[in-house]
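Peer 1: Per our numbering, the sequence shown runs over residues 465 to 622. Even glycine gets a Cβ: it sits at the ideal position worked out from N, Cα and C.
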Amino acid sequence: MKRVIYFLVLILISSCSFFDSKQKRTQELINEELRHIDWNSVDSYPFFYSCDEAVTKDQQKICFEETLISHFEETLNDFEFTLTDKESETVDVIFVIDTLGRIRVSNIEKNVLVLDQMPEFDGVVTQSLKNLPKLAPAIKRGIPVNTKYRIPIQLKTN
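(1) Would you grab the beta carbon distance between Leu-599 and Phe-543 for me? Rounded to a whole angstrom, and I think it's under 8 Å.
(2) What did DSSP end up calling Thr-554 once you bin it into helix, strand or coil?
(3) With burial defined as no fewer than 16 other Cβ atoms inside 10 Å of the residue's Cβ, what is the status of Ser-508: buried or exposed?
(4) What do you reckon, are the CB atoms on Asn-595 and Thr-531 nearer than 8 Å?
(5) One question on the structure: do Asp-586 and Glu-573 come within less than 8 Å of each other, judged by their Cβ atoms?
(6) According to DSSP, is Phe-528 part of a helix, a strand, or is it coil?
(7) Using the beta-carbon count (16 or more within 10 Å), is Gln-524 buried or exposed?
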């Protein structure tokens, strides 16, 4: 009887270490896989529902960019932004498209000159982004992911 109990205890002890080593190996495999993922690219770009989801990644990117730029041009052409300086000014609009396809302006990088002469600029740009057509988020390995974009807007002078 003692041998049976000793045998059962031995099996329990060895089975626990067996699971530990399996768990450790699984974690090692996960860590290895994570090291090989390119975190700077997505499998599919965010896309507007007016774009074709079934096209190649490059075509998705082109449709996304063209739709975004077209919308920006239409919206911003309705406003008269005037700079009195002799040079044109570039403003960078940084925004995030979240996992639900919602857009959030992260930052608008501009010169103090732009802020002084056009204090309403940030509000107009932010509203323009919020009025974009519905978007589907970017996809990475089958999972919706946040993506960050930077759009340069060149302002001309009179």
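Peer 2: Short version:
(1) In the sequence shown, the residue the question calls residue 599 occupies position 135. In the sequence shown, the residue the question calls residue 543 occupies position 79. Between Phe-543 and Leu-599 the Cβ distance is about 23 Å, and since that is not below 8 Å, they are no contact.
(2) The count along the sequence shown starts at 1 and reaches residue 554 at position 90. Thr-554: strand per DSSP, three-state reduction.
(3) The residue you call residue 508 lines up with position 44 of the sequence shown. Burial call: buried.
(4) Locating residue 595 in the sequence shown gives position 131, where the first residue counts as 1. Locating residue 531 in the sequence shown gives position 67, where the first residue counts as 1. Result no, Cβ atoms of Asn-595 and Thr-531 do not sit closer than 8 Å.
(5) Along the sequence shown, read from residue 1 onward, the residue named residue 586 stands at position 122. Along the sequence shown, read from residue 1 onward, the residue named residue 573 stands at position 109. For Asp-586 and Glu-573, no; Cβs fall outside 8 Å.
(6) Translated into the one-based positions of the sequence shown, residue 528 becomes position 64. The answer is helix: DSSP assigns Phe-528 an H, G or I state.
(7) Reading the sequence shown from its first residue, position 60 is the one you call residue 524. Buried, because 16 or more other Cβ atoms sit within 10 Å of the Cβ of Gln-524.
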